[in-house]
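Visitor: Quick one: the structure is below, and I'll ask about it shortly.
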Amino acid sequence: MIEFDHVSVTFAGQAAPVLRDVDLRIPEGELCLVIGRTGSGKTTLLRTINGLVPHFSGGTLSGRVVVDGRDTREHRPRDLAEIVGFVGQDPLSGFVTDTVEDELAYGMESLGLPADVMRKRVEETLDLLGLAELRQRPLAALSGGQQQRVAIGSVLTTHPRVLVLDEPTSALDPLAAEEVLATLQRLVHDLGMTVVLAEHRLERVVQYADRVVLVPGGGGTVVDGPPAEVLAGSPIAPPVVELGRIAGWRPLPLSVRDARRRAAPLKEELDGLSAPDHGCSRPGEVVAGTSDLVAGYPRLPVLKGVSATLSRGEVVALMGRNGVGKSTFLKTLVGLATPDSGRVEVGGQVPADLKPAQLLRQVGLVPQVPGDLLYESTVARECAQADKDGGVAPGTTADLFERLSPGVPGEQHPRDLSEGQRLTLALAIVLAADPPLLLLDEPTRGLDYTAKHRLVEILRDLAAGGHAVMLATHDVELVAEVATRVVVLADGEVVADGTVTDVVVSSPAFAPQVAKILAPESWLTPTDVAVALAGVTTVSRP
Amino acid sequence: MRPQNLITFPRMLHPGAWWLWALGLAAAASRTQNPIPLLLILAVTAFVVAARKSDAPWARSYGAFLKLALVVIGIRIVFQALLSSGSQGPTVLFTLPEIPVPGSTGIKLGGEVTLEAVLQAFYEGLQLATILVCVGAANSLGSARRLLRSVPGALYEVGIAVVIALTFAPQLVTDAARVRAAHRLRGQSGGLRAMKRLAMPVLEGALDRSVELAAAMDSRGYGRTTAATPAARRLTGLLTLTGLLGLCVGVYGLLSATSAGWLGLPMLVAGSLLCAAGIYFGGRRIGRTTYRPDPWALPEWLVAGSGLTAAAAMFVNVRADPAELVLASITAVPPVPLVATFGILVAMLPAIVAPPLPRPAAQTTRSSEMEVAA
Numbered sequence: 001m002i003e004f005d006h007v008s009v010t011f012a013g014q015a016a017p018v019l020r021d022v023d024l025r026i027p028e029g030e031l032c033l034v035i036g037r038t039g040s041g042k043t044t045l046l047r048t049i050n051g052l053v054p055h056f057s058g059g060t061l062s063g064r065v066v067v068d069g070r071d072t073r074e075h076r077p078r079d080l081a082e083i084v085g086f087v088g089q090d091p092l093s094g095f096v097t098d099t100v101e102d103e104l105a106y107g108m109e110s111l112g113l114p115a116d117v118m119r120k121r122v123e124e125t126l127d128l129l130g131l132a133e134l135r136q137r138p139l140a141a142l143s144g145g146q147q148q149r150v151a152i153g154s155v156l157t158t159h160p161r162v163l164v165l166d167e168p169t170s171a172l173d174p175l176a177a178e179e180v181l182a183t184l185q186r187l188v189h190d191l192g193m194t195v196v197l198a199e200h201r202l203e204r205v206v207q208y209a210d211r212v213v214l215v216p217g218g219g220g221t222v223v224d225g226p227p228a229e230v231l232a233g234s235p236i237a238p239p240v241v242e243l244g245r246i247a248g249w250r251p252l253p254l255s256v257r258d259a260r261r262r263a264a265p266l267k268e269e270l271d272g273l274s275a276p277d278h279g280c281s282r283p284g285e286v287v288a289g290t291s292d293l294v295a296g297y298p299r300l301p302v303l304k305g306v307s308a309t310l311s312r313g314e315v316v317a318l319m320g321r322n323g324v325g326k327s328t329f330l331k332t333l334v335g336l337a338t339p340d341s342g343r344v345e346v347g348g349q350v351p352a353d354l355k356p357a358q359l360l361r362q363v364g365l366v367p368q369v370p371g372d373l374l375y376e377s378t379v380a381r382e383c384a385q386a387d388k389d390g391g392v393a394p395g396t397t398a399d400l401f402e403r404l405s406p407g408v409p410g411e412q413h414p415r416d417l418s419e420g421q422r423l424t425l426a427l428a429i430v431l432a433a434d435p436p437l438l439l440l441d442e443p444t445r446g447l448d449y450t451a452k453h454r455l456v457e458i459l460r461d462l463a464a465g466g467h468a469v470m471l472a473t474h475d476v477e478l479v480a481e482v483a484t485r486v487v488v489l490a491d492g493e494v495v496a497d498g499t500v501t502d503v504v505v506s507s508p509a510f511a512p513q514v515a516k517i518l519a520p521e522s523w524l525t526p527t528d529v530a531v532a533l534a535g536v537t538t539v540s541r542p
Numbered sequence: 543m544r545p546q547n548l549i550t551f552p553r554m555l556h557p558g559a560w561w562l563w564a565l566g567l568a569a570a571a572s573r574t575q576n577p578i579p580l581l582l583i584l585a586v587t588a589f590v591v592a593a594r595k596s597d598a599p600w601a602r603s604y605g606a607f608l609k610l611a612l613v614v615i616g617i618r619i620v621f622q623a624l625l626s627s628g629s630q631g632p633t634v635l636f637t638l639p640e641i642p643v644p645g646s647t648g649i650k651l652g653g654e655v656t657l658e659a660v661l662q663a664f665y666e667g668l669q670l671a672t673i674l675v676c677v678g679a680a681n682s683l684g685s686a687r688r689l690l691r692s693v694p695g696a697l698y699e700v701g702i703a704v705v706i707a708l709t710f711a712p713q714l715v716t717d718a719a720r721v722r723a724a725h726r727l728r729g730q731s732g733g734l735r736a737m738k739r740l741a742m743p744v745l746e747g748a749l750d751r752s753v754e755l756a757a758a759m760d761s762r763g764y765g766r767t768t769a770a771t772p773a774a775r776r777l778t779g780l781l782t783l784t785g786l787l788g789l790c791v792g793v794y795g796l797l798s799a800t801s802a803g804w805l806g807l808p809m810l811v812a813g814s815l816l817c818a819a820g821i822y823f824g825g826r827r828i829g830r831t832t833y834r835p836d837p838w839a840l841p842e843w844l845v846a847g848s849g850l851t852a853a854a855a856m857f858v859n860v861r862a863d864p865a866e867l868v869l870a871s872i873t874a875v876p877p878v879p880l881v882a883t884f885g886i887l888v889a890m891l892p893a894i895v896a897p898p899l900p901r902p903a904a905q906t907t908r909s910s911e912m913e914v915a916a
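Going down the list, the protein sequences come from chains A and B.
Residues in the first sequence are numbered consecutively from 1, following our numbering.
Residues in the second sequence are numbered consecutively from 543, following our numbering.
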């Protein structure tokens with residue numbers, strides 16, 4: 001269906017090619033997963049499929065990409081519209097119209113299809129994707145999962161043979177992500193579509209893939225093959241594969257179900273060993289707390305009486321569905337939202353009453369889009385500005401950033417940093433004034449596994465150094481790695497507040513993969529298992 | 543009979559019909575300063591809006607335009623009182639302290655305020671206010687955005703650009719609020735420098751989104767069916783542009799009392815013909831189709847016709863008996879222009895002949911959810 005023939009892509013002004021000599025055949029009806037670190041060229045690879053690279057992006061493409069017999073050299077993206085459906089990273093920014101029905105029809109209108117065909121296809125697509133009840137709704141009022149499904153539907157109406165998706169589930173909570181993935185599987189199984197998608201959250205998608213393409217980045221050779229084979233040698237792997245490597249399973253399991261069926265011997269081996277306690281052994285003084293906090297919109301409280309405390313040395317994960325009030329809770333802690341009733345205290349003071357310059361020394365928040373914090377033209381000037389804002393010695397922020405993310409030249413523009421580097425720069429800026437409380441809103445959005453490991457190390461160090469950390473997140477694997485306590489919000493109230501083991505292991509939505517495999521024992525991460533097993537071997541051998 | 547032709551079949555009326563109706567009333571208002579027909583027009587718009595407005599966000603714009611209209615009248619009266627030259631009438635209401643203006647500009651600040659001057663200002667302000675309220679009524683009854691869906695193929699590119707701009711503007715405001723909040727987190731308070739810092743990330747975000755949108759539109763086939771030679775494109779552009787120019791001149795000629803006769807109707811007809819030709823030729827080169835176009839059926843004809851009747855009646859009345867509409871004495875009790883009044887009352891019909899709106903049965907939960915999103 002899709003053929004890459006010695007494809008290399010070089011963008012203007014860059015010495016090295018992004019992709020070098022890619023040779024790839026994707027047969028019809030396969031679900032093909034493209035993996036790789038951020039900035040490795042995954043998006044570029046996807047965009048060559050419908051000709052956006054090089055027709056839209058510029059740059060030089062050598063070799064040949066042929067999709068369903070059409071060469072992208074002679075066909076512009078618009079000429080491939082009924083062959084390749086392309087869904088970009090942020091569905092909302094790709095919407096042209098403003099209601100669901102019009103958006104589904106837009107592509108067909110551009111192709112000039114007759115009115116009766118359009119009418120029928122829109123109805124079919126509404127049913128296929130379960131969008132019938134949303135047909136009249138404004139697109140901006142939909143939830144993230146619904147928007148993603150509308151974006152998929154809007155390219156399906158032209159009846160393409162290939163569907164290309166760039167990180168379709170990165171911004172979604174676990175349940176909305178499953179909704180989208182179930183839709184994709186249905187397209188592959190029932191309609192025989194060829195689906196190519198890039199995704200960082202391997203634990204969500206790898207079990208559905210027929211083929212994995214690893215883009216190593218830096219112009220290295222692109223590897224492709226069956227998922228288990230490619231992942232065996234891949235530097236990035238989901239927890240289930242890591243556990244498989246530790247236990248020495250061949251071939252590697254890809255889904256929780258595979259792994260569970262083979263886990264009996266491992267469970268026996270682990271019998272008698274106790275899973276490490278992820279709780280904070282000795283929490284320090286309380287740095288922030290809320291009691292009976294009510295906040296939200298007029299006549300529409302989002303938080304309905306939340307009481308919680310945060311102490312030094314803790315890493316608290318705030319979990320719950322999209323829109324449940326996680327961000328609102330963080331905002332009240334930094335005074336961006338004022339409570340309707342109840343108390344909020346940070347360092348013994350009410351955050352909304354503090355001046356920005358005073359607040360800086362009490363609490364730091366890294367927003368969902370870390371780039372919002374940045375506005376200078378170079379990293380060095382950004383750091384200098386943070387020193388000035390925080391009233392600390394010049395060079396403090398730059399040193400901090402160097403420690404968190406070594407080797408970034410100071411004259412680089414913040415926009416050219418990778419997703420992970422931008423996050424650490426925002427972290428360094430926020431930490432410059434050394435606030436005892438650090439808040440992070442969805443820190444792993446768009447981060448690859450390597451960047452995530454780095455973030456876990458940084459957060460552990462901060463907690464060990466006496467900071468209180470709270471992160472609002474959907475990423476259960478991150479929670480399993482780093483959190484000492486989990487607070488779950490639902491319908492504006494705290495429904496669970498306890499150690500990770502207590503809260504997460506028994507939850508169907510929030511349990512990490514290792515916990516699902518080794519249930520009912522409360523192992524959370526592959527590392528825990530590896531450490532425990534290593535302890536056994538050293539003990540039994542002497 | 544197709545259900546679309548029934549005035550009892552609940553549906554959304556074509557927004558174009560509402561705009562024609564409102565523009566008809568506005569045209570009628572533009573020809574008179576007699577407060578009786580003007581107030582009548584205001585009452586008619588209020589009545590129809592109350593009867594047929596939806597609960598969509600844009601439906602609230604009538605109130606906003608009404609407030610704006612009051613401000614217009616107020617400003618007009620205050621300025622007239624402050625800057626009147628004293629020669630406008632014998633009936634002095636009160637005397638303000640006078641500030642001499644140097645030089646022989648003929649302008650003076652303060653001084654005597656006459657009833658004639660204030661009334662004149664009120665009537666003139668009322669006329670402008672009525673036209674404004676007509677536009678407000680059109681806005682709240684027919685969504686401008688939905689109207690853009692019906693633009694002819696030749697103007698499609700312009701239409702889509704406006705739709706995108708309408709979507710981007712609120713997004714820009716949200717972005718700005720988000721970035722401002724983020725800057726507070728860095729310990730910075732407001733000020734002029736803050737504006738500069740705000741602009742960078744917000745504009746970058748907008749630019750990124752535009753590029754994303756362009757890529758999405760390209761990969762969904764935008765502009766694919768356009769197969770026009772440059773010459774054909776230029777011809778279409780020329781025809782449409784000349785036509786629009788003719789239309790403008792024609793409308794001006796028709797609405798202004800002083801212009802020559804040939805400037806009015808003939809120019810309007812010529813302009814319309816040129817425009818139609820341009821849109822026809824332009825539309826032929828565009829191979830795109832429209833999904834579920836808004837129907838134009840009997841109720842649309844009735845609504846648009848009632849508005850145009852009001853305008854026509856006013857024009858006839860002005861020609862036949864100008865004294866009823868152009869007031870001879872500003873302080874006399876204004877006469878009731880019979881033909882014009884009849885026309886304006888006809889424009890009240892849409893309160894009945896426009897189909898009722900469908901009851902939002904499944905939408906009650908939706909609107910509350912939209913509030914959450916907002």
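Backbone N, C-alpha and C fix where the C-beta goes; we use that ideal spot for every residue, glycine too.
In this text the structure is predicted, and so the values were computed from the model without any measurement.
Just the chain A side, please: which residues come within less than 7 Å of B/Gln730 by C-beta, in chain order?
Guide: Ordered by position in chain A, the residues that pass the 7 Å Cβ test against B/Gln730 are Pro356 and Asp389.
Visitor: Closest to B/Ala723 by C-alpha separation, out of A/Val195, A/Leu374 and A/Ser341, would be which residue?
Guide: Among A/Val195, A/Leu374 and A/Ser341, the Cα nearest to that of B/Ala723 is on A/Leu374.
Visitor: Assuming A/Glu314 contacts A/Ala468 under a Cβ cut-off of 8 Å, what Cβ separation, rounded to an integer in Å, is found between them?
Guide: Yes, A/Glu314 and A/Ala468 are in contact; Cβ-Cβ is about 5 Å, under 8 Å.
Visitor: Have a look at A/Pro526 and A/Glu481 and give me their C-alpha separation to the nearest angstrom.
Guide: So the two alpha carbons sit approximately 9 Å from each other.
Visitor: Alpha carbons only, please: which of B/Leu749, B/Pro892 and B/Val705 is nearest the one belonging to B/Gly593?
Guide: According to the sequence provided, residue 593 of chain B is Ala. The question's Gly does not apply to it. It is B/Pro892 whose Cα lies nearest to the Cα of B/Ala593.
Visitor: Can you look up B/Val878 in the DSSP assignment and give me helix, strand or coil?
Guide: Note: B/Val878 maps to coil in three-state DSSP.
Visitor: Given a cut-off of 8 Å, decide if A/Val302 and A/Gly342 are closer than it, judged by their beta-carbon atoms.
Guide: The answer is no: Cβ separation not under 8 Å.
Visitor: Got a sec: is the Cβ-Cβ distance from A/Val539 to anything in chain B below 8 Å?
Guide: Note that A/Val539 scores 43 on pLDDT, short of 50, meaning its location in the model is unreliable and no value can be drawn from it.
Visitor: Assuming A/Glu269 is part of the beta strand (DSSP E), what are its boundary residues?
Guide: A/Glu269 -> not in any beta strand (DSSP E); alpha helix (DSSP H) instead, spanning Ala264 to Leu270.
Visitor: Return the CA-CA distance between A/Thr44 and A/Lys267, expressed in angstroms with no decimal places.
Guide: One C-alpha to the other measures close to 43 Å.
Visitor: Please name the residue, chosen from B/Gly779, B/Gly616 and B/Glu842, that lies closest to B/Tyr822 on a Cα-to-Cα basis.
Guide: Comparing Cα positions, the closest option is B/Gly779.
Visitor: When we look at the beta-carbon of A/Ala12 and count the other beta-carbons within 10 Å, is it buried (16 or more) or exposed?
Guide: By the 10 Å Cβ count, A/Ala12 comes out exposed.
Visitor: Does any residue of chain A bring its CB to less than 8 Å from the CB of B/Ala659?
Guide: No, its Cβ sits nowhere closer than 8 Å to a Cβ of chain A.
Visitor: What residue range is occupied by the uninterrupted alpha helix (DSSP H) comprising B/Ala671?
Guide: Per DSSP, B/Ala671 belongs to the alpha helix (DSSP H) from Leu657 to Leu683.
Visitor: Taking 8 Å as the threshold (beta carbon to beta carbon), is A/Asp127 in contact with chain B?
Guide: Output row for A/Asp127: interface = no.
Visitor: Report the residue from A/Ser8, A/Ser506, A/Gln368 and A/Ile458 whose alpha carbon sits nearest the alpha carbon of A/Leu440.
Guide: Selected option, being the one with the closest Cα: A/Gln368.
Visitor: Got a sec? Which residues, its chain only, sit under 7 Å from A/Ala259 by beta carbon, not counting five neighbours each side?
Guide: Counting only Cβ-Cβ distances below 7 Å, and skipping sequence neighbours, we find Val240, Leu243, Gly244, Pro253 and Ile517.
Visitor: Verify the CB distance criterion: does A/Arg78 have a CB-CB separation below 8 Å to chain B?
Guide: Taking Cβ atoms only, chain B reaches closer than 8 Å to A/Arg78, which makes this a yes.
Visitor: Taking contact to mean at least 3 C-beta pairs separated by less than 8 Å, is the stretch 728-744 of chain B in contact with the stretch 375-389 of chain A?
Guide: Yes, since at least three Cβ pairs between the stretch 728-744 of chain B and the stretch 375-389 of chain A fall closer than 8 Å, the two stretches touch.
Visitor: Between the alpha carbons of A/Gly492 and A/Leu333, how many angstroms are there, rounded?
Guide: Approximately 16 Å, taken between the alpha carbons.
Visitor: When you compare the stretch 306-320 of chain A with the stretch 476-490 of chain A, are there three or more beta-carbon pairs, one atom per stretch, that lie closer than 8 Å?
Guide: Flag = yes, the stretch 306-320 of chain A and the stretch 476-490 of chain A touch.
Visitor: Do you know offhand how far A/Ser234's Cα is from A/Leu197's?
Guide: The alpha-carbon atoms of A/Ser234 and A/Leu197 are separated by roughly 18 Å.
Visitor: How should A/His6 be labelled, buried or exposed, when 16 other C-beta atoms within 10 angstroms of its C-beta is the threshold for buried?
Guide: With fewer than 16 Cβ atoms within 10 Å of its Cβ, A/His6 is classed as exposed.
Visitor: Taking just the CA atoms, how far does A/Leu330 sit from A/Glu382?
Guide: The straight-line gap from Cα to Cα measures roughly 24 Å.
Visitor: How would you call B/Gln662, buried or exposed, if buried means at least 16 neighbouring beta carbons within 10 angstroms?
Guide: That one is buried.
Visitor: Rounding to the nearest angstrom, what Cα-Cα distance links B/Gly785 and A/Ser40 in this structure?
Guide: Approximately 54 Å, taken between the alpha carbons.
Visitor: If you run the structure through DSSP and keep just helix, strand and coil, what is A/Gly498?
Guide: Residue state, collapsed to three classes: strand.
Visitor: Taking the alpha carbon of A/Leu156 as the reference point, which residue from A/Leu172, A/Leu129 and A/Thr169 has its own alpha carbon closest?
Guide: Ranking the options by Cα distance to A/Leu156, first place goes to A/Leu129.
Visitor: Quick check: what's the CA-CA separation for A/Leu273 versus A/Asn50?
Guide: Rounded to the nearest angstrom, the two C-alpha atoms are 53 Å apart.
Visitor: Helix, strand or coil, according to DSSP, for A/Tyr297 in the structure here?
Guide: Residue state, collapsed to three classes: strand.
Visitor: Counting Cβ pairs, one atom from each stretch, are 3 or more of them under 8 Å apart for the stretch 430-444 of chain A and the stretch 456-475 of chain A?
Guide: Yes, the stretch 430-444 of chain A is in contact with the stretch 456-475 of chain A.
Visitor: Assuming A/Leu198 is part of the beta strand (DSSP E), what are its boundary residues?
Guide: At residue 198 of chain A the sequence reads Ala, which differs from the Leu that was named. From DSSP, the beta strand (DSSP E) with A/Ala198 extends over Thr194 to Ala198.
Visitor: Considering only the alpha carbon of each residue, which of A/Ala532, A/Ala451 and A/Ala509 lies closest to A/Gly36?
Guide: The residue with the shortest Cα to Cα distance from A/Gly36 is A/Ala451.
Visitor: Please check the pair A/Ala308 and A/Thr290, which I expect to be a contact at CB under 8 Å, by giving their CB distance rounded to whole angstroms.
Guide: Yes, they are in contact, since the Cβ atoms of A/Ala308 and A/Thr290 sit about 6 Å apart, within 8 Å.
Visitor: Name the chain B residues that come within less than 9 Å of A/Thr158, Cβ to Cβ?
Guide: Result: Arg762 and Gly763.
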